[in-house]
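Residue numbers (the numbering used here), protein chains in the order written: chain A, 423 to 723; chain B, 423 to 723; chain C, 423 to 723; chain D, 423 to 723; chain E, 423 to 723; chain F, 423 to 723.
6 protein chains.
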Amino acid sequence: MIHNVRRLLFAPPYLYPFPTDMPASPLDILALAAHRDDVEQTCGGTLLKMAQLGHRTGILDLTQGEMGTRGNAKDRAREAEDAAKILCTSWRQALDIPDGRVENTWENRLKVVRVLRQQRPRVVILPYWKGRHPDHYTASVLGYEACFLAGLAKLDVGVDLNVAAGDSPAIVIPNVERASPSPRAGRPQDIRQDAGATGLLPHRPFKIIYATLYYDVRPTFVVDITEQFEARFQALMAYKSQFSDQEAGKGIFPARDEIRSRIESMARFYGMLGGITYAEPFIQKEVGLVEDLTLIPVKSI
Amino acid sequence: MIHNVRRLLFAPPYLYPFPTDMPASPLDILALAAHRDDVEQTCGGTLLKMAQLGHRTGILDLTQGEMGTRGNAKDRAREAEDAAKILCTSWRQALDIPDGRVENTWENRLKVVRVLRQQRPRVVILPYWKGRHPDHYTASVLGYEACFLAGLAKLDVGVDLNVAAGDSPAIVIPNVERASPSPRAGRPQDIRQDAGATGLLPHRPFKIIYATLYYDVRPTFVVDITEQFEARFQALMAYKSQFSDQEAGKGIFPARDEIRSRIESMARFYGMLGGITYAEPFIQKEVGLVEDLTLIPVKSI
Amino acid sequence: MIHNVRRLLFAPPYLYPFPTDMPASPLDILALAAHRDDVEQTCGGTLLKMAQLGHRTGILDLTQGEMGTRGNAKDRAREAEDAAKILCTSWRQALDIPDGRVENTWENRLKVVRVLRQQRPRVVILPYWKGRHPDHYTASVLGYEACFLAGLAKLDVGVDLNVAAGDSPAIVIPNVERASPSPRAGRPQDIRQDAGATGLLPHRPFKIIYATLYYDVRPTFVVDITEQFEARFQALMAYKSQFSDQEAGKGIFPARDEIRSRIESMARFYGMLGGITYAEPFIQKEVGLVEDLTLIPVKSI
Amino acid sequence: MIHNVRRLLFAPPYLYPFPTDMPASPLDILALAAHRDDVEQTCGGTLLKMAQLGHRTGILDLTQGEMGTRGNAKDRAREAEDAAKILCTSWRQALDIPDGRVENTWENRLKVVRVLRQQRPRVVILPYWKGRHPDHYTASVLGYEACFLAGLAKLDVGVDLNVAAGDSPAIVIPNVERASPSPRAGRPQDIRQDAGATGLLPHRPFKIIYATLYYDVRPTFVVDITEQFEARFQALMAYKSQFSDQEAGKGIFPARDEIRSRIESMARFYGMLGGITYAEPFIQKEVGLVEDLTLIPVKSI
Amino acid sequence: MIHNVRRLLFAPPYLYPFPTDMPASPLDILALAAHRDDVEQTCGGTLLKMAQLGHRTGILDLTQGEMGTRGNAKDRAREAEDAAKILCTSWRQALDIPDGRVENTWENRLKVVRVLRQQRPRVVILPYWKGRHPDHYTASVLGYEACFLAGLAKLDVGVDLNVAAGDSPAIVIPNVERASPSPRAGRPQDIRQDAGATGLLPHRPFKIIYATLYYDVRPTFVVDITEQFEARFQALMAYKSQFSDQEAGKGIFPARDEIRSRIESMARFYGMLGGITYAEPFIQKEVGLVEDLTLIPVKSI
Amino acid sequence: MIHNVRRLLFAPPYLYPFPTDMPASPLDILALAAHRDDVEQTCGGTLLKMAQLGHRTGILDLTQGEMGTRGNAKDRAREAEDAAKILCTSWRQALDIPDGRVENTWENRLKVVRVLRQQRPRVVILPYWKGRHPDHYTASVLGYEACFLAGLAKLDVGVDLNVAAGDSPAIVIPNVERASPSPRAGRPQDIRQDAGATGLLPHRPFKIIYATLYYDVRPTFVVDITEQFEARFQALMAYKSQFSDQEAGKGIFPARDEIRSRIESMARFYGMLGGITYAEPFIQKEVGLVEDLTLIPVKSI
């Protein structure tokens with residue numbers, strides 16, 4: 423106990439949760455991806471775990487999934503809302519960037535900048551910058567550059583709070599159950615609302631990490647999702663238009679079993695890297711910073 | 423607070439400080455290096471910081487430094503003791519492996535195994551496995567293989583507690599001041615003594631990390647030594663036979679200033695990587711394991 | 423048969439199975455590893471598949487496993503024989519190199535050279551050259567250098583056909599069932615026997631590949647073991663002294679289930695890389711050589 | 423023949439030449455490059471070899487070469503046709519993307535998508551994604567993303583069969599001699615024509631590989647072009663406007679000799695990597711998949 | 423002079439300063455960067471050193487810095503002129519590309535092509551192709567592709583000598599003191615002026631190198647700037663609107679000292695890599711070419 | 423001339439040819455390799471070029487080649503002498519380390535240390551540290567560690583000037599023609615002789631580089647050997663016992679032609695990397711240090 427108090431008193435500045443000259447942030451973590459159901463596959467367990475730790479989490483889907491072989495954008499919007507509830511996500515929205523044509527243009531960057539300035543996340547999860555689907559790797563660069571631009575004081579992106587005003591309003595999930603209230607719950611929400619009224623204040627996330635599950639690359643770190651694995655699988659299964667049709671065509675259980683087997687094997691593989699059961703993999707570009715050598719996890723030998 | 427309590431109650435097994443089926447470990451951290459004054463240069467600040475956090479730290483020098491251009495083994499033994507005190511190290515010893523001829527033989531491995539089984543460290547710091555000095559990179563492989571062997575239950579290495587019985591007995595530094603008693607202080611020391619009486623029980627360190635300051639390689643993480651930088655420099659200066667002769671020959675201040683400038687620049691360079699002032703760099707082979715994304719340090723952007 | 427004739431008539435020279443100035447080789451493939459049960463874990467499915475294709479396969483264990491926590495060398499010898507039968511291996515032997523002390527000495531290299539000259543494999547599977555266990559990575563270098571030495575015409579290693587004459591004679595598995603006779607069945611066995619009578623003739627394997635399952639590295643290629651996965655798991659379970667004791671201690675089903683889950687996840691992970699179900703990963707140092715672009719497997723996109 | 427029947431009966435699913443739900447593909451292999459004469463330099467020998475194996479091959483040049491220092495687009499069109507005949511190519515076309523300004527725009531991607539859906543190649547050869555000429559590396563990304571888009575069922579790119587309707591109609595080379603009829607010769611061509619009549623059906627190539635000869639990178643594999651080397655050199659020499667002017671200026675033989683020496687040395691260098699005489703180098707992103715270890719070519723030692 | 427004559431007589435062809443069919447180049451070295459003050463931070467010492475060796479150096483800033491948190495474009499233009507004088511730069515200009523929005527468009531490439539054809543540098547220094555600020559890494563690709571395009575004989579970019587005709591005319595620094603006149607001083611300036619009058623002749627720089635100080639990557643080589651370090655720091659301090667405001671806000675000396683400490687540590691770190699005191703790091707893509715092994719600098723051991 | 427004076431007056435310390443506290447060095451460059459004829463293949467052209475520049479060059483063969491398939495140690499000694507003359511080498515010697523069994527033992531290291539202290543080279547060329555032949559890569563590590571040990575002041579290796587006293591005395595090539603006398607010709611040879619009389623003084627080479635031609639790795643730099651290519655090929659052909667037998671067996675011209683073709687293609691390949699005709703490739707571990715950007719060779723674009 424005393425040890426922990428000392429830590430709080432003497433911790434170096436880089437451990438403070440937020441710079442003191444920034445308004446409060448309504449989202450602790452924002453995951454950005456190209457398509458609805460990408461986040462569920464690459465970092466859904468982590469998002470749920472963070473929500474269970476008391477953090478406010480959000481998902482920004484760049485497209486509305488209209489190019490998917492099965493279903494349509496409307497179906498996927500409803501399914502995405504269901505999945506968001508399972509993952510205890512506080513906020514979810516889809517931009518109107520065309521599916522199959524995510525491009526790193528100035529206009530698209532500004533669309534993401536507006537979301538970042540409104541939702542003000544401390545941590546942003548992006549797709550990895552290599553991959554099979556061009557939308558995925560382009561979303562990574564687009565997301566990164568938007569994070570950079572969002573912090574430029576002289577960049578004015580207007581006051582409009584509605585990012586995509588069409589048929590995909592931001593989903594606000596009302597009764598998410600979390601293990602404990604967010605540690606930042608006491609921060610004045612009105613500051614942000616003022617910010618909204620007078621224009622979107624600059625904001626730059628403290629941390630950007632990359633979800634690498636779609637790509638065979640060695641992660642910097644993994645997150646233990648053993649407790650969240652089942653819920654995360656349910657979140658993926660919420661995309662019924664994707665998986666039920668498929669089941670209908672090929673016999674319902676084998677297809678679902680095959681999907682589950684693959685997802686489980688991936689999670690186990692990364693879990694084994696970390697000496698645990700199920701995990702999701704991430705890369706960060708920065709070096710790590712360790713405060714106490716005896717607390718570094720993962721057995722060496 | 424509640425958050426922290428929850429962590430202790432629910433944390434997954436890999437976060438427990440020690441496997442419950444192992445006897446208590448008298449050292450939390452052991453740094454191994456080829457020559458006296460290597461540890462002072464590569465991870466002295468980190469060792470001091472760990473001691474200040476309440477951990478018991480130790481240093482194992484493989485050789486006695488008899489091939490150094492200046493001074494002799496006796497001088498260096500006295501200086502090493504002085505440096506160990508400055509770094510608040512609880513234990514230091516030099517093996518009798520010939521300086522300039524550190525070889526990864528079975529006999530040398532067993533010498534290190536005996537130390538590991540006696541001192542039972544949770545964390546071992548080794549030199550990086552590449553470098554300019556053959557003793558350094560060979561010490562890295564030798565140290566790693568000894569860590570592996572030390573855990574083999576069927577490997578019997580006898581009961582002798584004195585590693586190198588000659589003129590370099592283990593230094594026991596009596597009155598090291600630490601900020602707080604070790605969190606493991608209450609563990610029964612007699613268990614280890616029994617172990618000694620009945621033979622050295624197997625032991626495998628939980629974590630092996632590599633100090634990379636001697637080599638230009640990107641570290642996995644750095645440790646903030648801003649508060650420890652001055653003491654670490656004093657620990658290096660304790661090797662008077664190395665640095666005073668030099669000063670005498672070339673004018674005392676310039677030489678000392680040049681050394682200090684280089685050491686400071688290295689520490690600052692690695693500090694900048696971590697967004698802090700002074701740091702020491704390390705590599706770990708394992709992937710990381712992150713419990714809470716919002717607590718990852720080092721700003722991304 | 424017709425298939426093979428066509429190959430001999432039209433294939434370019436580098437595809438000829440064997441240099442014409444070498445005697446026939448009784449083994450098509452030899453897997454070398456440090457410990458009994460290593461081969462079962464890293465390439466057992468591949469060995470079985472090759473036997474089912476009609477090839478003669480063999481296993482050389484460098485040590486007799488006397489340092490294993492559970493069981494003893496005698497138990498393991500019997501278990502290794504059982505596992506070899508399950509994998510349809512034609513030949514298996516253990517050298518007398520001490521467990522935990524595999525060293526790349528001249529003597530050890532010669533022991534392996536003798537085996538290579540007797541068994542004359544076309545393909546040798548070695549452990550990967552990095553790893554957690556020093557015996558594994560040392561076995562890789564030792565095996566490679568023995569392959570090189572085995573081909574030196576002027577290196578005389580005597581005529582003794584018994585490699586380790588003690589209590590581990592070569593296991594000859596009598597009634598292995600294979601899908602078809604080896605395509606090399608017609609080659610004159612007596613040539614080799616003459617070679618044995620007059621000294622061991624030089625031999626250099628055509629191909630050396632590295633089994634990487636113990637290490638997280640991207641493989642050059644994988645081998646589909648979907649059909650062999652169950653038998654390979656049974657081969658591993660044949661090491662009852664390793665796995666039954668463990669089961670006894672911790673409840674029999676969970677432990678076995680956990681082992682199976684891990685092995686299955688690894689196999690699935692590498693299977694997914696190749697677009698199949700279960701696979702084992704390998705690295706080759708050489709570049710590939712492709713005869714027909716339309717026959718390259720594994721979908722790109 | 424028997425060989426092929428066995429393959430179809432027993433081969434695992436990933437070895438089937440084509441997904442059964444796709445119409446027949448008129449091209450087996452399509453090589454895409456930025457400029458006329460690029461393909462001749464990087465993979466001309468491989469294209470010829472594939473044609474000699476009975477495959478239908480094609481070349482898509484993105485530009486018409488109007489920025490080349492010597493000659494003009496009209497000359498180069500005629501020369502490209504000559505080169506295509508030498509390489510026994512079944513189809514060749516040049517798009518109207520400006521030379522020196524190959525950009526990865528939506529419009530350019532669609533131009534390539536139309537070609538892919540018309541020609542429906544199983545294998546696509548792209549330039550490597552790094553290089554000296556911006557057109558080369560941009561063509562690589564543009565080609566990859568077009569391959570991805572071409573497979574999206576909901577992407578409609580119209581019915582127009584003429585890609586670039588201007589002065590560069592698709593070259594149809596009438597009397598190409600091939601060693602044997604294409605194994606797919608019996609497939610109903612009318613299926614494709616129907617597809618053309620009702621719109622271009624989605625198509626995704628099974629395999630994408632990258633020709634790396636322009637860049638000093640270690641290839642994944644090489645293709646033996648010893649038998650094709652002379653014809654490939656003639657195909658390059660067909661670009662008389664490029665090489666004759668140069669010869670005129672500097673004395674005809676030295677220049678031609680110098681070009682030949684360089685091309686021969688490159689081919690030999692990659693040949694030596696594969697243990698053969700002349701070769702062309704390629705990279706694939708996927709891991710390999712090996713069915714029989716004893717058939718892996720290229721000697722290890 | 424004598425030295426130069428000898429070089430022309432005996433040097434191998436690749437050492438010739440310029441292709442003989444190109445007009446004289448008024449700039450020996452041009453550094454291109456996204457923002458005013460970038461060059462000062464990454465390669466200012468090198469530019470000054472080159473000027474002191476007698477070379478004509480220039481700086482092209484792509485933007486006018488209007489997005490900087492402090493100051494405005496006009497202030498920065500004046501400060502950039504001051505810094506250019508301190509670095510003895512012969513020419514400096516800022517394009518009108520928007521700050522924070524450097525994009526690799528055709529238009530932007532042509533803007534840079536015009537500068538390259540006017541200034542005709544032998545060496546171009548670009549930012550490294552990875553980095554934190556999107557403007558930096560995009561400037562790297564934009565600059566590279568412009569260097570390529572500038573050499574295309576058939577690309578006509580007009581005759582206008584004024585690149586950005588607005589409020590940022592090219593700075594011509596009148597009385598730069600250099601240690602000696604440029605070795606190319608005798609070349610006819612009028613040739614270039616003629617070129618201007620009749621259109622901008624094609625030009626391709628002989629050498630492109632990348633300044634890597636903003637990114638933690640191992641350099642190919644470093645340049646010793648021990649003698650230039652102070653002046654380079656003064657050049658950076660010439661940006662008063664950047665650094666004075668900051669000082670005003672936080673107490674003047676600590677801020678300036680902190681900046682100096684960081685810059686000094688970086689310079690020292692790279693200096694240590696080269697065995698010298700202060701250095702700036704660079705990458706070149708090409709392999710090196712060494713004429714005399716005994717003249718290779720930097721001690722190995 | 424004037425240029426050179428300026429260099430000596432103003433050049434930074436690291437460019438001085440030799441530390442002032444070291445005795446004169448009789449060899450400028452020493453190439454070390456495992457077998458006679460290795461040096462001829464990997465860096466023979468460079469050695470000849472250095473001799474033609476006026477440097478004293480030497481070759482140390484670790485073994486006497488008794489395991490070669492053809493010829494014997496006596497033949498190879500005579501051939502090595504012939505080759506050394508062709509390469510204008512001043513000194514050549516073979517140690518008595520067994521062929522096929524080059525091991526990095528203390529004894530072998532001391533054998534090399536004695537040579538280094540006698541011959542005192544400024545530059546040492548070692549084989550690359552990876553390769554096909556174990557003798558090659560072991561020679562690399564052995565040579566590096568000997569270079570390190572040779573500089574340890576307290577390491578006494580006796581006064582014996584004859585390294586291998588048996589049937590392979592040092593070859594002293596009397597009448598080597600060099601373009602000019604060595605620039606170090608005026609240094610007092612007697613200093614070295616005194617050193618010999620009183621024991622071998624410590625010596626550490628300034629530069630260690632690695633000849634990489636045997637391994638497919640990208641070099642740090644190449645050396646232009648266009649003028650030396652023919653002589654280097656003759657030096658290799660001096661090993662008649664290697665190449666004549668082969669010719670006898672297979673018809674004399676084709677074999678020789680094939681060898682020449684391979685060697686020429688390798689030399690051309692590396693030449694093309696450097697923009698020249700023939701070259702040999704090398705790696706250095708250190709970063710480069712460039713004095714004048716306008717003198718960096720090898721065109722970028």
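We treat Cβ as the ideally placed atom computed from N, Cα and C, and that holds for glycine.
The structure presented is a predicted model; accordingly, all values stated were derived computationally and were not measured.
Subject >> Entirely enclosed beta strand (DSSP E) segments - the segment 473-527 of chain B, minimum 3 residues >> reply: For the segment 473-527 of chain B, whole beta strand (DSSP E) runs of length 3 or above, ordered along the chain, are 479-485 and 513-519.
Original post:
In chain A, which residues lie less than 7 Å from residue 645 (chain B) when you measure between Cβ atoms?
Top reply: To locate residue 645 (chain B), count along the second sequence from 1; it is residue 223. Result: 712.
**OP:** Please name the residue or residues paired with residue 629 (chain C) in a DSSP beta bridge.
**Re:** Translated into the one-based positions of the third sequence, residue 629 (chain C) becomes position 207. By DSSP's assignment, residue 629 (chain C) forms a beta bridge with C:545.
**OP:** Could you confirm whether any beta carbon from chain F is found closer than 9 Å to the beta carbon of residue 626 (chain E)?
**Re:** Translated into the one-based positions of the fifth sequence, residue 626 (chain E) becomes position 204. Taking 9 Å as the CB threshold, residue 626 (chain E) lines the interface with chain F.
Original post:
Who are the Cβ neighbours of residue 462 (chain E) in its own chain at under 6 Å, not counting the five residues just before and after it?
Top reply: For the purposes of this step, residue 462 (chain E) is taken as residue 40 along the fifth sequence, with counting starting at 1. Counting only Cβ-Cβ distances below 6 Å, and skipping sequence neighbours, we find 505, 657 and 658.
Original post:
Nearest to residue 578 (chain E) by CA position, among E:533, E:525, E:561 and E:547, is which residue?
Top reply: For this step, residue 578 (chain E) is matched to residue 156 along the fifth sequence. Taking only the C-alpha atoms, the option nearest residue 578 (chain E) is E:533.
Original post:
Under the three-state reduction of DSSP, which class applies to residue 710 (chain E): helix, strand or coil?
Top reply: The residue labelled residue 710 (chain E) in the question sits at position 288 within the fifth sequence. In the displayed model, residue 710 (chain E) falls within a strand according to three-state DSSP.
Original post:
Leaving out the 5 sequence neighbours to the left and right, which residues in its chain are closer than 6 Å to residue 629 (chain B) when beta-carbon positions are compared?
Top reply: Translated into the one-based positions of the second sequence, residue 629 (chain B) becomes position 207. Short of 6 Å from the beta carbon of residue 629 (chain B), and not among the five residues preceding or following it, lie these beta carbons of its own chain, in chain order: 545.
**OP:** Verify the CB distance criterion: does residue 701 (chain A) have a CB-CB separation below 9 Å to chain E?
**Re:** Stepping through the first sequence from its first residue, residue 701 (chain A) is reached at position 279. Residue 701 (chain A) does not count as touching chain E.
**OP:** Please check the pair residue 557 (chain F) and residue 522 (chain F), which I expect to be a contact at CB under 8 Å, by giving their CB distance rounded to whole angstroms.
**Re:** In the sixth sequence, the residue the question calls residue 557 (chain F) occupies position 135. In the sixth sequence, the residue the question calls residue 522 (chain F) occupies position 100. That pair is a contact at about 7 Å.
**OP:** May I ask which residues mark the beginning and end of the beta strand (DSSP E) holding residue 646 (chain C)?
**Re:** Position 224 of the third sequence, counting from 1, holds the residue named residue 646 (chain C). That run of the beta strand (DSSP E) goes 643-646.
**OP:** Using a Cβ-Cβ cut-off of less than 7 Å, give me the residues of the segment 527-561 of chain F that come near chain E, in sequence order.
**Re:** Of all residues in the segment 527-561 of chain F, the ones placed with a Cβ closer than 7 Å to any Cβ belonging to chain E are 544 and 545, in chain order.
Subject >> Positions along the segment 510-526 of chain B whose CB lies within less than 8 Å of some CB in chain F >> reply: For the segment 510-526 of chain B, the set of positions with a beta-carbon nearer than 8 Å to some beta-carbon of chain F reads 522, 523 and 525 in chain order.
Original post:
Going by beta carbon distance, what residues of the same chain come within less than 7 Å of residue 712 (chain A), once the five residues before and after it are set aside?
Top reply: Counting from one through the first sequence, the residue named residue 712 (chain A) turns up at place 290. Sequence-distant partners of residue 712 (chain A) (beyond 5 residues in either direction) whose C-beta falls short of 7 Å from its own C-beta, in its chain, are 718.
Original post:
What in chain F is Cβ-close to residue 576 (chain C), meaning under 9 Å?
Top reply: Along the third sequence, one-based indexing puts residue 576 (chain C) at 154. Result: 488, 489, 490, 491, 521 and 522.
Original post:
Within the 9 Å Cβ cut-off, does residue 632 (chain D) reach chain A?
Top reply: The sequence position of residue 632 (chain D) within the fourth sequence is 210, counting from 1. Under the Cβ distance rule, residue 632 (chain D) does not count among the residues neighbouring chain A, no pair being separated by less than 9 Å.
Subject >> Beta bridge counterpart(s) of residue 701 (chain A) as assigned by DSSP >> reply: Taking the first residue of the first sequence as position 1, residue 701 (chain A) is located at position 279. In the DSSP output, where bridge partners are listed per residue, residue 701 (chain A) has A:646.
Original post:
Could you give the distance in angstroms between the alpha-carbon of residue 542 (chain D) and the alpha-carbon of residue 454 (chain D)?
Top reply: As a position in the fourth sequence, residue 542 (chain D) is number 120, starting the count at 1. As a position in the fourth sequence, residue 454 (chain D) is number 32, starting the count at 1. Between the alpha carbons of residue 542 (chain D) and residue 454 (chain D) lies a gap of roughly 13 Å.
Original post:
For chain E, is any of its Cβ atoms less than 9 Å away from the one on residue 571 (chain A)?
Top reply: Here the question's residue 571 (chain A) lines up with position 149 in the first sequence. At least one C-beta of chain E is nearer than 9 Å to the C-beta of residue 571 (chain A).
**OP:** Give the DSSP-derived three-state secondary structure of residue 451 (chain B) in the structure shown.
**Re:** Mapped onto the second sequence, residue 451 (chain B) falls at position 29. Residue state for residue 451 (chain B) is assigned as strand, using DSSP reduced to three classes.
**OP:** Compute the distance between the beta-carbons of residue 494 (chain A) and residue 488 (chain A), then report whether it is under 9 Å.
**Re:** Taking the first sequence and counting its residues from 1, one reaches residue 494 (chain A) at position 72. Taking the first sequence and counting its residues from 1, one reaches residue 488 (chain A) at position 66. In terms of Cβ geometry, residue 494 (chain A) and residue 488 (chain A) form a close pair [threshold 9 Å].
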